[in-house]
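Novice:
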Amino acid sequence: IRDDLVTGVQTCALPIWIGIRLSIVGHGPLLESLKVIASDFGLDKQVNFEGSYRDINELAQYLKNSDLLLHPSKRAPNGDGEGVPASILEGLSVGMPIISSKHNQMDRVFKNSVLYVDENSPEELAQLIESIYTDPESLHECQKNALQWSDQNLDTAILERDRLEIYRSAYEESQRNRSKDLSDHKF
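Just so you know, the numbering used here puts 93 at position 93 of the sequence shown, and the rest follows in order with no gaps.
See the structure below:
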């Protein structure tokens with residue numbers, strides 16, 4: 001959960017923002033401070049805190065009913081950053097247009113399937129959201145890129161996982177057979 005989301009919504013007061021609602025899914029140590037920021041900016045009616053979704057199908061349906069997934073993040077003071085965020089993978093899997101911070105080489109992983117903003121730049125985040133909502137072709141292009149990336153990468157990961165499971169199962173079966181064969185012999 002990032003304060004740039006709420007600050008980005010507050011930063012821009014153009015008419016396009018009137019109908020926009022920001023739903024924050026998840027929880028974490030910054031949740032309470034984020035609620036305070038939303039309240040301080042007078043955004044109680046525009047920012048909704050959803051909590052966590054435990055059912056993947058429910059989450060997928062929620063994502064399909066949303067217009068855009070925002071994932072700005074910040075490096076920790078010690079330089080640590082997150083790896084490949086599951087929320088981005090979940091969004092890409094349903095063709096969700098995504099805006100994320102540009103760090104940890106995420107642009108090398110997700111390429112043009114995700115739009116990027118600089119870290120600590122709520123103004124840039126707000127401008128990119130506006131440009132997507134005012135240009136339907138841009139929104140369509142984001143959806144197309146997300147689905148294309150998902151088709152090319154997530155299916156491969158699933159196949160690789162399935163292949164590893166087959167190997168693991170075959171190995172375990174061979175170990176059971178070997179144990180059985182050894183127990184049948186008398187030494």
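The beta carbon of each residue, even a glycine, is placed where N, CA and C say it ideally should be.
What is the C-beta distance between I132 and P97, in whole angstroms, given that I count them as a contact (C-beta under 8 angstroms)?
Specialist: Working through the sequence shown from its first residue, we reach residue 132 at position 132. Working through the sequence shown from its first residue, we reach residue 97 at position 97. So it is a contact: roughly 7 angstroms between Cβ atoms.
Novice: Which residues in the same chain have their Cβ closer than 8 angstroms to the Cβ of I1, if we skip the five residues on either side of it in sequence?
Specialist: Within the sequence shown, the letter at position 1 stands for residue 1. Its pLDDT being 39, under 50, I1 is placed unreliably by the model, and the measurement read from it follows with that caveat. Contacts found: I24, G26, H27, G28, L30, L31, L34.
Novice: Taking the straight line between their C-alpha atoms, what separation do you get for K64 and L22?
Specialist: Walking along the sequence shown from the start, residue 64 turns up at place 64. Walking along the sequence shown from the start, residue 22 turns up at place 22. The alpha-carbon atoms of K64 and L22 are separated by roughly 15 angstroms.
Novice: Assign V109 to one of three DSSP states: helix, strand, or coil.
Specialist: Counting from 1 along the sequence shown, the entry for residue 109 is found at position 109. Three-state DSSP puts V109 in a helix.
Novice: Excluding the 5 residues preceding and the 5 following L69 in the sequence, name in chain order all residues of the same chain whose CB lies nearer than 6 angstroms to its CB.
Specialist: As a working note, residue 69 is residue 69 in the sequence shown. Cβ neighbours of L69 beyond the five flanking positions: G91, M96, I98.
Novice: At which residues does the alpha helix (DSSP H) containing E32 begin and terminate?
Specialist: For the purposes of this step, residue 32 is taken as the residue at position 32 of the sequence shown. Run containing E32: 31-40, per the alpha helix (DSSP H) assignment.
Novice: Can you tell me the Cα-Cα spacing of E58 and S39, whole angstroms?
Specialist: Taking the sequence shown and counting its residues from 1, one reaches residue 58 at position 58. Taking the sequence shown and counting its residues from 1, one reaches residue 39 at position 39. When rounded, the distance between both Cα atoms is 28 angstroms.
Novice: Take E50 and list the residues in its own chain whose beta-carbon comes closer than 6 angstroms to its own, dropping the five residues that flank it on each side.
Specialist: The residue given as residue 50 occupies position 50 in the sequence shown. Excluding residues within five positions, the ones whose Cβ falls inside 6 angstroms are S23, V25.
Novice: Answer with buried or exposed for Q175, where buried requires no fewer than 16 other C-beta atoms within 10 angstroms of its C-beta.
Specialist: Against the sequence shown, residue 175 aligns to sequence position 175. With fewer than 16 Cβ atoms within 10 Å of its Cβ, Q175 is classed as exposed.
Novice: Between which two residues does the beta strand (DSSP E) harbouring G51 extend?
Specialist: Against the sequence shown, residue 51 aligns to sequence position 51. Element bounds for G51: 47-51.
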